[in-house]
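>
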Amino acid sequence: MARPKILVVGAGFAGVECVRRLERRLGSDEADLALVTPFSYQLYLPLLPQVASGILTPQSIAVSLRRSRRYRTRIIPGGAVGVDTKAKVCVVRKVTGEVVNEPYDHIVLAPGSVTRTFDIPGLADNARGMKTLAEAAFIRDHVIAQLDLADASHDEAERASRLQFVVVGGGYAGTETAACLQRLTSNALCRYPRLDPRQIKWHLIDIAPKLMPELGDKLGLSAQKILRDRGIDVSLGVSVAKAGPEEVTLTDGRVLPCRTLIWTAGVTASPLIGTLDAETVRGRLAVTAQMTVPGRSGVFALGDAAAVPDLAKDEDGSVCPPTAQHAMRQGRAVADNVIATLRGRPLKPYVHHDLGLVVDLGGRDAVSKPLGVELRGMPAQAAARGYHWSALRTNVAKTRVLTNWLLNAVAGDDFVRIGFLARTPAAMRDFEYTDAYLTPEQVREHAAAGHLQQE
Ligand SMILES: Cc1cc2nc3c(=O)[nH]c(=O)nc-3n(C[C@H](O)[C@H](O)[C@H](O)COP(=O)(O)OP(=O)(O)OC[C@H]3O[C@@H](n4cnc5c(N)ncnc54)[C@H](O)[C@@H]3O)c2cc1C
Numbered sequence: 003m004a005r006p007k008i009l010v011v012g013a014g015f016a017g018v019e020c021v022r023r024l025e026r027r028l029g030s031d032e033a034d035l036a037l038v039t040p041f042s043y044q045l046y047l048p049l050l051p052q053v054a055s056g057i058l059t060p061q062s063i064a065v066s067l068r069r070s071r072r073y074r075t076r077i078i079p080g081g082a083v084g085v086d087t088k089a090k091v092c093v094v095r096k097v098t099g100e101v102v103n104e105p106y107d108h109i110v111l112a113p114g115s116v117t118r119t120f121d122i123p124g125l126a127d128n129a130r131g132m133k134t135l136a137e138a139a140f141i142r143d144h145v146i147a148q149l150d151l152a153d154a155s156h157d158e159a160e161r162a163s164r165l166q167f168v169v170v171g172g173g174y175a176g177t178e179t180a181a182c183l184q185r186l187t188s189n190a191l192c193r194y195p196r197l198d199p200r201q202i203k204w205h206l207i208d209i210a211p212k213l214m215p216e217l218g219d220k221l222g223l224s225a226q227k228i229l230r231d232r233g234i235d236v237s238l239g240v241s242v243a244k245a246g247p248e249e250v251t252l253t254d255g256r257v258l259p260c261r262t263l264i265w266t267a268g269v270t271a272s273p274l275i276g277t278l279d280a281e282t283v284r285g286r287l288a289v290t291a292q293m294t295v296p297g298r299s300g301v302f303a304l305g306d307a308a309a310v311p312d313l314a315k316d317e318d319g320s321v322c323p324p325t326a327q328h329a330m331r332q333g334r335a336v337a338d339n340v341i342a343t344l345r346g347r348p349l350k351p352y353v354h355h356d357l358g359l360v361v362d363l364g365g366r367d368a369v370s371k372p373l374g375v376e377l378r379g380m381p382a383q384a385a386a387r388g389y390h391w392s393a394l395r396t397n398v399a400k401t402r403v404l405t406n407w408l409l410n411a412v413a414g415d416d417f418v419r420i421g422f423l424a425r426t427p428a429a430m431r432d433f434e435y436t437d438a439y440l441t442p443e444q445v446r447e448h449a450a451a452g453h454l455q456q457e
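The number in our numbering is simply the position in the sequence shown, starting from 1, with 2 added.
(1) Need the endpoints of the beta strand (DSSP E) that residue 245 sits in, please.
(2) To the nearest whole angstrom, what separates the beta carbons of residue 124 and residue 246, a pair I think is in contact under 8 Å?
(3) Do residue 148 and residue 259 come within 8 Å of each other at the CB atom, strictly closer than that value?
(4) Give me whichever residues DSSP pairs with residue 108 in a beta bridge.
(5) Tell me which residue opens and which closes the alpha helix (DSSP H) that residue 141 is part of.
(6) Given residue 193, which residues of its chain have a CB within under 8 Å of its CB, disregarding the five upstream and five downstream residues?
(7) Thinking C-alpha only, which one of 230, 23, 140 is nearest residue 421?
(8) Using a Cβ-Cβ cutoff of less than 6 Å, which residues in the same chain neighbour residue 358 once the five nearest sequence positions on both sides are dropped?
(9) On the criterion of 16 or more Cβ atoms from any shown chain inside 10 Å, does residue 114 qualify as buried, or is it exposed?
(10) Does DSSP put residue 485 in a helix, a strand or coil?
(11) Please report the distance separating the alpha-carbon of residue 21 from that of residue 306.
(12) On the DSSP letters alone, give me the boundaries of the alpha helix (DSSP H) that residue 350 sits inside.
(13) Quick check: is any heavy atom of ligand 1 less than 7 Å from the C-beta of residue 327?
(14) Could you pull out every unbroken alpha helix (DSSP H) segment of at least 4 residues lying fully inside the segment 345 to 412, listed in chain order?
(15) Which same chain residues end up closer than 7 Å to residue 270 when comparing Cβ atoms and leaving out the 5 residues on each side of it in sequence?
(16) Please state the DSSP three-state secondary structure of residue 203.
(17) May I ask you to check if the CB of residue 312 is nearer than 7 Å to at least one heavy atom of ligand 1?
(18) Does the CB of residue 87 have a neighbour CB from chain D at under 8 Å?
(19) Report back the beta-carbon spacing between residue 341 and residue 28 to the nearest angstrom; my notes put them in contact at under 8 Å.
(20) Looking at the unbroken beta strand (DSSP E) that takes in residue 299, where does it start and where does it end?
(21) Could you compute how far the alpha carbon of residue 79 sits from the alpha carbon of residue 102?
(22) Quick check: the Cα distance between residue 354 and residue 256, rounded to an integer number of angstroms?
(23) Can you tell me whether residue 208 is buried or exposed, with buried defined as 16 or more other CB within 10 angstroms of its CB?
(24) What do you get for residue 441, buried or exposed, if any count of 16 or more other CB atoms within 10 angstroms of its CB means buried?
(25) Taking one C-beta from the segment 80 to 96 and one from the segment 446 to 453 each time, how about it: are there three or more such pairs within less than 8 Å?
(26) Apart from the five residues on each side of it in sequence, which residues of its chain come closer than 6 Å, Cβ to Cβ, to residue 33?
(27) Buried or exposed, going by whether 16 or more other CB atoms sit within 10 Å of the CB of residue 387?
(28) Roughly how many angstroms separate the alpha carbons of residue 108 and residue 344, rounded to a whole number?
(29) Ligand 1 heavy atoms versus the CB of residue 174: any closer than 7 Å?
(30) Excluding the 5 residues preceding and the 5 following residue 190 in the sequence, name in chain order all residues of the same chain whose CB lies nearer than 7 Å to its CB.
(31) Hey, residue 301 and residue 310: beta-carbon distance below 8 Å or not?
(32) With distances taken Cα to Cα, identify the nearest neighbour of residue 145 among 243, 202, 72, 176.
(33) Identify every residue that forms a DSSP beta bridge with residue 103.
(34) Could you tell me whether the Cβ atoms of residue 135 and residue 60 are closer together than 8 Å?
(35) Flag residue 324 as yes when its Cβ comes closer than 7 Å to any non-hydrogen atom of ligand 1, and as no otherwise.
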């Protein structure tokens with residue numbers, strides 16, 4: 003009898019945890035495992051702002067999927083561009099561009115999320131996200147290029163626009179990005195003696211009235227004070243009205259000369275979810291507490307892409323927030339439920355009590371709330387770095403990150419620009435491949451065409 007095929011889509015926190023658990027707990031004669039992923043690494047996203055600011059090298063947070071000989075999953079290099087849950091076919095565009103059908107018996111959808119954008123004039127072309135390794139590396143190069151160009155310019159207006167930076171989104175991703183990059187540009191002053199420190203200006207803006215509301219009022223205000231003391235202009239209750247290549251217009255009427263707009267105003271589920279034509283909750287695929295998709299046999303979904311009911315909260319209808327903490331644990335829980343399905347056992351609901359949040363603001367600055375305990379300064383920094391370090395999957399990644407932290411503490415920042423995509427217009431849609439997906443009709447046609455070919 004043919005072994006059932008389990009196809010996991012996405013090698014992030016959720017997908018990799020799921021695959022590793024399946025490899026450990028399923029006998030090789032029980033099922034065939036395959037993983038669709040455009041990259042051969044698992045990205046440790048929470049440390050992305052430290053790659054953008056050069057504290058860490060990109061490689062140190064890209065954890066290899068092929069470190070061990072024990073891994074037996076077939077890795078398909080490409081992205082899923084649609085899923086036909088009736089035909090049980092996943093349509094995959096390989097990294098070569100070739101589009102193929104991957105039939106499955108059970109599919110685990112863990113494609114994560116993409117940057118959430120709004121219909122703001124100029125945003126799609128002029129803003130960059132902080133969601134992929136390429137975006138972080140690009141932003142680093144771009145920021146250093148602004149310092150280099152401002153340093154060389156005699157034009158006051160040009161210097162002003164190159165030395166103002168706007169980050170939109172006061173969640174942890176935006177706050178950490180603004181804090182780490184501001185530290186980089188202020189440390190740059192000793193290497194760029196021609197620059198006027200008063201001209202370098204960072205803005206962090208958010209339409210919400212508070213930064214990182216999940217930290218609570220007191221810690222949120224502490225974070226805000228740290229940023230303001232460092233000279234970052236924090237504007238709350240404000241958003242972007244218009245984005246141009248050389249200026250950003252805010253909703254409060256201010257026009258900021260600026261050539262760096264970093265957009266971290268939340269995430270939305272991967273466009274892959276839309277190809278299923280299934281029920282969603284604010285864009286995330288609606289799933290049961292067991293992470294199955296109602297009415298679609300053999301389909302599981304989790305992580306940022308799915309609205310997994312948060313059973314640890316009393317409120318009706320609350321769903322787990324899109325965090326790595328949940329995604330990893332859901333990955334393990336979904337693997338157990340896939341195995342239970344194969345063995346005809348009952349599925350278990352996912353329950354996890356949030357462990358809190360850590361926010362690294364660079365240097366000795368941090369705010370953290372592990373298990374409800376409010377920490378600031380060095381204890382918060384120790385909690386933040388200790389948590390991330392221990393959560394990295396491999397010893398090689400742990401060693402790389404620790405070495406990079408030590409090196410940065412001893413030798414300071416460097417300002418090497420590698421010329422990455424310097425002359426190529428690179429928008430969020432290019433970095434996050436949001437244009438790559440098929441419509442549900444195209445998916446059905448593709449799945450049917452593949453079926454005919456096989457016959
Ligand atoms: C800057 C930043 C800081 C953060 N800090 C924290 C933090 O401190 N703590 C915390 O808990 N969370 C943090 N998060 C959130 C956390 O990273 C996400 O919630 C988590 O990564 C979600 O896991 P996931 O597996 O669902 O998605 P991801 O980890 O994003 O993985 C999705 C994977 O699927 C792949 N993929 C996408 N589309 C396809 C496709 N069509 N086909 C195949 N593969 C696909 C992607 O390449 C990726 O590898 C942060 C996020 C960011 C951006």
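Cβ atoms here follow ideal geometry from the backbone N, Cα and C, with glycine treated the same way.
The relevant details are as follows:
(1) 242 to 245
(2) 5 Å
(3) no
(4) 8
(5) 135 to 154
(6) 417
(7) 140
(8) 371, 372, 373
(9) buried
(10) Look at the range of the chain in this structure, 3 to 457, and you will see that residue 485 is not part of it.
(11) 17 Å
(12) Taken as a continuous stretch (DSSP letters only), residue 350 belongs to no alpha helix (DSSP H), as it is neither H nor E.
(13) yes
(14) 379 to 393
(15) 115, 116, 118, 285
(16) strand
(17) no
(18) The structure shown contains no chain D; it holds only a single protein chain.
(19) 6 Å
(20) Taken as a continuous stretch (DSSP letters only), residue 299 belongs to no beta strand (DSSP E), as it is neither H nor E.
(21) 11 Å
(22) 43 Å
(23) buried
(24) exposed
(25) yes
(26) 5, 6, 8
(27) buried
(28) 9 Å
(29) yes
(30) 149, 417
(31) no
(32) 202
(33) 93
(34) yes
(35) yes
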